[in-house]
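Going left to right, the sequence shown walks through residues 1 to 137 as the numbering used here numbers them. Cβ coordinates follow ideal geometry from the N, Cα and C atoms, glycine included. Here is the structure we will look at.
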Amino acid sequence: MNKKIVWILVITIFIVMVPVSFFYVLSHGNPYTKYINNNHVPTYLNQKGYTKNDIKEMEYVEPKYLINKDFYHGHYMVIFKDEPTMTYYYGVTKRGKEVRQFCEKDVLLKDGVTDLTVDKTKHSEKKCVSSLKNRDW
1 MNKKIVWILV ITIFIVMVPV SFFYVLSHGN PYTKYINNNH VPTYLNQKGY
51 TKNDIKEMEY VEPKYLINKD FYHGHYMVIF KDEPTMTYYY GVTKRGKEVR
101 QFCEKDVLLK DGVTDLTVDK TKHSEKKCVS SLKNRDW
């Protein structure tokens with residue numbers, strides 16, 4: 001092939017792939033962060049003694065706001081069967097890939113409104129980390 005055609009092809013592919021990649025990450029979150037959370041958090045919960053029978057729902061979520069910069073942006077959301085109105089969040093540290101529970105939890109009120117609480121609850125860990133601190137850039 002002619003060098004000119006090769007360069008035009010490379011530039012065209014680059015121009016197309018950058019926006020496509022950008023919109024993918026915006027819509028679906030960072031795939032690396034999702035991979036890290038999906039591998040570390042379930043293992044951590046198993047080590048803490050929780051089984052699938054204890055958990056009503058757990059999945060990776062991408063918050064729409066800035067969180068503690070010591071953690072990867074994505075969270076792992078966990079709802080336990082014995083506390084179906086309380087949502088716990090876990091994060092993975094950038095250094096050391098340690099799983100930590102965030103102090104902030106969502107509680108579903110009787111009127112259907114979700115409120116944020118940092119109170120001690122049944123599945124609260126002794127050492128939690130605030131997801132809302134250390135957010136400055």
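Contact under 9 Å by Cβ, residue i with residue j
i           : j           : result
residue 80  : residue 89  : no
residue 100 : residue 113 : no
residue 127 : residue 40  : no
residue 74  : residue 34  : yes
residue 45  : residue 10  : no
Best match in the options for proximity to residue i [C-alpha to C-alpha]
i           : options            : result
residue 124 : 107, 67 and 36     : 107
residue 104 : 74, 68, 94 and 117 : 117
residue 68  : 4, 129 and 54      : 129
residue 122 : 73, 96, 87 and 133 : 87
residue 84  : 2, 54 and 48       : 54
Rounded straight-line distance, which links the Cα of residue j to that of residue i
i           : j          : result
residue 142 : residue 7  : The structure shown does not extend to residue 142, since the chain is modelled only from 1 to 137, so the question has no answer here.
residue 58  : residue 76 : 7 Å
residue 119 : residue 56 : 21 Å
residue 133 : residue 71 : 11 Å
DSSP three-state assignment for residue i, whether helix, strand or coil
i           : result
residue 109 : coil
residue 127 : coil
residue 56  : strand
**Three-pair Cβ contact test at 8 Å for the segment 10-21 versus the segment 63-81** = Fewer than three pairs of CB atoms, one per stretch, sit closer than 8 Å, so the segment 10-21 makes no contact with the segment 63-81.
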